[in-house]
Amino acid sequence: MIILKNKSEIALMRISGSLTADALKLMEEMIRPGISTMDLDRAAYEFITKHGAVPSFKGYGGFPGSICASVNDVVIHGIPSEKTVLKEGDIISVDLGVQKNGWHGDAARTFPVGKVSEEARKLIEVTEGSFFEGLKKVTAGSKLTDVSHAIESFTDRYGYSQVRDFVGHGVGKSLHEMPNVPNYGAPGRGPRLMEGMVIAIEPMVNMGGYEVYVLPDGWTVKTRDGSLSAHYENTVAVTENGPELLTRT
931 MIILKNKSEI ALMRISGSLT ADALKLMEEM IRPGISTMDL DRAAYEFITK
981 HGAVPSFKGY GGFPGSICAS VNDVVIHGIP SEKTVLKEGD IISVDLGVQK
1031 NGWHGDAART FPVGKVSEEA RKLIEVTEGS FFEGLKKVTA GSKLTDVSHA
1081 IESFTDRYGY SQVRDFVGHG VGKSLHEMPN VPNYGAPGRG PRLMEGMVIA
1131 IEPMVNMGGY EVYVLPDGWT VKTRDGSLSA HYENTVAVTE NGPELLTRT
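Using this note's numbering, the first residue of the sequence shown is number 931, and each one after it goes up by one.
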């Protein structure tokens, strides 16, 4: 069931969304060669709890971290670790959520670590661009997969692929709600977008093929061919005036 939010509920989601965006900004400022993903996780936890909120991911389904820290060919759900130390030329996707006043915000960004290759930088830029192509289709009355098709069509131009085993989702009092939001597929399918829907649109773009696999830890998702992967996500409300990014930095 898709749960529509009223204007007062969306106002509360702006608060959690703003904190989510601010936490990601902190991550961006901290990312550099020599820092561990556990350092980032601790900083995110301290920032979120200092603002009277709860890290949405910590303990969710047993996940141990406050952030997902996914380096290079890790697509999503990378577990923070003291042993994972960032080095010059890496890229890292940071995905995090914040629960405040009972409502969640969810967003992700991929950041370069120091100076990265032009290929890696292009992947990051195209992934972000694909999100905004999808966002153009977020209007009341459109079909959900109009968003999906716009995302896939944009990344196809560059020879990249969209992950198919994992998709975006609704957001609200639960971190994951209906509907699922694929990043690929034909347009004109799925439910109609309606005012009050809040969805996390999150392209997961691989430089190579779309196939992925999960490590034995049950969380870490990597590209099957070892190619780089990037991730860009925002929590988006469908309003009478079009889409509103609740996690805008």
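Heads up, the beta-carbon is just placed ideally off N, CA and C, and yes, glycines get one too. Bear in mind the structure is a predicted one, so any value in this text is a computation, not a measurement.
What are the partner residues of residue i, as DSSP defines its beta bridges?
i: residue 1122; result: 1073
i: residue 1175; result: 1166
i: residue 1160; result: 1135
i: residue 947; result: Per DSSP, none; premise fails for residue 947.
i: residue 1098; result: 1111
So, for residue i: in the same chain, excluding its five sequence neighbours on each side, which residues have a beta-carbon less than 8 Å away from its beta-carbon?
i: residue 1166; result: 1065, 1068, 1128, 1129, 1130, 1131, 1173, 1174, 1175, 1176
i: residue 1014; result: 966, 967, 968, 999, 1001, 1008
i: residue 1052; result: 1088
Can you find the residues in the same chain that come closer than 6 Å, C-beta to C-beta, to residue i, ignoring five residues on each side of it along the sequence?
i: residue 1133; result: 1057, 1060, 1061, 1081, 1113, 1162
i: residue 943; result: 1033, 1176
i: residue 1097; result: 1110, 1111, 1112
i: residue 1044; result: 963, 1018
i: residue 1088; result: 1056
i: residue 1118; result: 1073
i: residue 1164; result: 1037, 1175, 1177
i: residue 1144; result: 1151
Should residue i go down as buried or exposed, given a rule of 16 or more other Cβ atoms within 10 Å for buried?
i: residue 1026; result: buried
i: residue 936; result: exposed
i: residue 1107; result: buried
i: residue 1140; result: buried
i: residue 1115; result: buried
i: residue 1047; result: exposed
i: residue 1063; result: buried
i: residue 938; result: exposed
i: residue 970; result: buried
i: residue 931; result: exposed
i: residue 1085; result: buried
Inspect the beta-carbon positions of residue i and residue j and report whether they are closer than 7 Å.
i: residue 1136; j: residue 1153; result: yes
i: residue 1072; j: residue 1016; result: no
i: residue 949; j: residue 983; result: yes
i: residue 1158; j: residue 1050; result: yes
i: residue 951; j: residue 1179; result: yes
i: residue 1010; j: residue 968; result: yes
i: residue 1104; j: residue 1030; result: no
i: residue 1125; j: residue 1077; result: no
i: residue 957; j: residue 1024; result: yes
Using a Cβ-Cβ cut-off of 7 Å (strictly less than) and excluding sequence neighbours within five positions of residue i, which residues of its own chain qualify?
i: residue 987; result: 993, 995, 996, 997, 998, 1026, 1027
Checklist entry - Could you give the uninterrupted runs of the beta strand (DSSP E) lying entirely in the stretch 962 to 1046, keeping only those of 3 residues or more? => result 997 to 1001, 1004 to 1006, 1021 to 1030, 1033 to 1042
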